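Chemist:
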Amino acid sequence: MKYISTKGATISTYRSALDRTLGCDITWAAYSQHRGVRPLDDVCLYSGWLRCGPTIAMYLPERVLRQFGYTQTIPRFPSQSADPVATRDRISAHFAQYLDKVLTPEQRGIAVIHPWDAAPGYM
């Protein structure tokens with residue numbers, strides 16, 4: 021999809037462009053051609069809170085598995101991946117022991133055949 025300038029663009033302009041979008045128009049796995057140079061580390065599949073100084077943010081790779089070369093599945097509820105009442109200290113401890121929070125092979129699913137592949141029941 022070509023870039024649409026925001027100046028003067030309306031919602032219907034964006035909807036029309038999205039409605040014309042085909043699966044082959046989307047870059048599903050942006051870095052797949054670089055895997056030979058820089059392989060995908062398991063730490064990329066850590067699922068939970070990330071912390072940098074005072075800032076915390078949810079990182080939920082199960083919501084974008086296609087970008088990692090896996091078939092998109094129905095993701096878990098965010099609260100199952102990232103405890104909504106976790107303290108900053110607990111968040112730091114979780115990431116220090118990130119292997120406990122990495123998506124399991126079952127949660128990752130199978131490698132894709134076509135970039136737009138999705139599990140049955142996903143949209």
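Numbering-wise, the sequence shown is residues 21 to 143 according to the working numbering.
Beta carbons are placed, not taken as given, at the ideal position from N, Cα and C, and that holds for glycine.
This one's a predicted model, so the numbers in the text were calculated from it and none came from an experiment.
Would DSSP call V63 helix, strand or coil?
Modeler: helix
Chemist: Output the boundary residues of the alpha helix (DSSP H) element that contains R128.
Modeler: Its alpha helix (DSSP H) spans residues 125–128.
Chemist: Using three-state DSSP, classify Q92 as helix, strand or coil.
Modeler: strand
Chemist: Nearest to I94 by alpha carbon, out of I46, P140, C44?
Modeler: P140
Chemist: Determine whether the beta carbon atoms of P104 and L80 lie at a separation below 8 Å.
Modeler: If you check the CB distance, P104 and L80 do not come in under 8 Å.
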